[in-house]
Amino acid sequence: MKRASRQTMIKLYAEAVILELQQLGYPNDQANAVFFRHYRDMKRLFGLEQNVCDFAKMMDEFERAMQKKHDPSDPNSIAVGHLNHLTKTYILKHKSNK
Numbered sequence: 102m103k104r105a106s107r108q109t110m111i112k113l114y115a116e117a118v119i120l121e122l123q124q125l126g127y128p129n130d131q132a133n134a135v136f137f138r139h140y141r142d143m144k145r146l147f148g149l150e151q152n153v154c155d156f157a158k159m160m161d162e163f164e165r166a167m168q169k170k171h172d173p174s175d176p177n178s179i180a181v182g183h184l185n186h187l188t189k190t191y192i193l194k195h196k197s198n199k
């Protein structure tokens with residue numbers, strides 16, 4: 102039996118995560134966007150050791166956290182809007198270095 106290459110296994114894992122995001126209610130285009138927005142960082146943090154369902158649920162949780170508006174009455178909500186200019190400057194600086 103022929104063994105699948107690492108790249109093929111990662112591709113199949115990614116496709117399965119996107120399908121799970123669709124099962125969580127994301128339309129096809131949005132599921133792809135959410136996957137590619139969070140995949141690299143999550144892979145660095147957690148690796149690909151979680152099963153597909155758990156990985157997709159973590160992506161969904163991160164996406165919901167990003168979309169959530171700051172609520173001053175919620176003690177778990179942190180305002181970071183004043184840092185937007187720093188992130189944009191950082192991204193522009195690193196793009197110009199490539």
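Here this note's numbering is used: the first residue of the sequence shown is 102, the next is one more, and so on. Backbone N, C-alpha and C define an ideal beta-carbon position, used for all residues, glycine too. Just so you know, these numbers come straight off a predicted model, no measurement behind them.
Taking the straight line between their C-alpha atoms, what separation do you get for proline 128 and threonine 190?
32 Å
Quick one: any contact between the region 153-160 and the region 117-128, if contact means 3 or more CB pairs under 8 Å?
yes
With C-beta atoms as the reference, is leucine 146 less than 8 Å away from isoleucine 111?
no
What's the call for leucine 113, buried or exposed, on a 16-neighbour Cβ count within 10 Å?
exposed
I need the DSSP call for leucine 125, collapsed to helix, strand or coil.
coil
According to the Cβ coordinates, are aspartate 161 and leucine 125 closer than 8 Å?
yes
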